[in-house]
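Peer 1: The sequence shown: position 43 = 43 (this note's numbering), numbered continuously.
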Amino acid sequence: TGVQFTVALLSILLAHEFGHYIAARIHKVDASLPYFIPMPFLSPFGTMGAVIKMRGVIPTRKALLDIGASGPLAGLCLAIPLYVYGIVHSRMVPTDGSAGGIELGESVLTKILDRLVAGPMPDGMTLELSPIAFAAWAGMFVTMINLFPVGQLDGGHVAYALLGKRQDKAAVIAHRS
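#1: Who are the near neighbours of G156 in its chain, counting only those whose CB is closer than 6 Å to its CB and skipping five residues on each side?
#2: What does DSSP give as the partner residues of R91 in its beta bridges?
#3: Counting along the chain, where does the alpha helix (DSSP H) carrying V51 start and finish?
#4: Which residue comes first and which comes last in the beta strand (DSSP E) that contains I37?
#5: What are the partner residues of A31, as DSSP defines its beta bridges?
#6: Run through the segment 114-170 for me and flag every whole alpha helix (DSSP H) of 4 or more residues, listed as ranges in chain order.
#7: Decide yes or no for the touch test of the segment 22-36 against the segment 116-127: beta carbon pairs closer than 8 Å, at least 3 of them.
#8: Measuring alpha carbon to alpha carbon, tell me which of M140, G86, G75, L153 ends up nearest E106.
#9: Is it buried or exposed, P120, if we count other Cβ atoms within 10 angstroms and call 16 or more buried?
#10: Could you check what DSSP says for S70 in three-state terms: helix, strand or coil?
#11: Please state whether the Cβ-Cβ distance between V29 and G56 is less than 8 Å.
Okay, here's the thing in structure tokens:
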């Protein structure tokens, strides 16, 4: 199951970074191939993700928007079908704690997908995610964090592309939230 989790999570991260890479190439910005950042003991997922290094100047705010948004969109395009596949291969277990495990946070997206794929959850039962569903959940979680409109995160780039210098106000609001 570790191999399933690893392949699924690294595939999502790779899709995310290649989204940035391809958009950078389209806008003629010199960018490196992705570098993965391992964190085997400090991260619950075994990685801090991946990055690309852009050596060129991003020529326009439109290019910045395209490059910043393309990564999360590409990652989600893979994470959502992997989550659906993973839910199909997950199992229902009692919520009395006898199955062990940890309880993950839910988003509107995961609640909708759980309901559509697994159907209504009987009282006293919960889903025990398969390794692929857990990896997809982790990919969506990391993407959500990456979309905060601050600093060098993708959300910061998108906010700056859309708001210009007013992005500083959005970052302050995000920091206070």
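Glycine included, each C-beta is placed from N, C-alpha and C at the ideal position. Being a predicted model, the structure only gives us computed values, none of them experimental.
Peer 2: Result, derived from the coordinates:
#1: Counted from its first residue, the sequence shown places residue 156 at position 156. So the qualifying residues of the chain are P149, V150.
#2: If you number the sequence shown from 1, residue 91 lands on position 91. Its beta-bridge partners are E128.
#3: The count along the sequence shown starts at 1 and reaches residue 51 at position 51. Membership of V51 in any alpha helix (DSSP H) is not indicated; the residue belongs instead to the beta strand (DSSP E) covering 47-51.
#4: As a first step, residue 37 must be located in the sequence shown, where it is residue number 37. Counting along the chain, the beta strand (DSSP E) containing I37 begins and ends at 35-38.
#5: Against the sequence shown, residue 31 aligns to sequence position 31. Answer by DSSP bridge pairing, in chain order: M54.
#6: Counting whole runs of 4 or more residues, the segment 114-170 contains the alpha helix (DSSP H) stretches 131-146, 154-163.
#7: Because the criterion of three Cβ pairs below 8 Å is not met, the segment 22-36 and the segment 116-127 do not touch.
#8: As a position in the sequence shown, residue 106 is number 106, starting the count at 1. The residue with the shortest Cα to Cα distance from E106 is M140.
#9: Residue 120 sits at position 120 when you count from the first residue of the sequence shown. Counting Cβ neighbours within 10 Å, P120 comes out exposed, since fewer than 16 surround it.
#10: Within the sequence shown, residue 70 is the residue found at index 70, counting from 1. Helix.
#11: Residue mapping note: residue 29 aligns to position 29 of the sequence shown, counting from 1. Residue mapping note: residue 56 aligns to position 56 of the sequence shown, counting from 1. Between V29 and G56, the C-beta spacing is below 8 Å.
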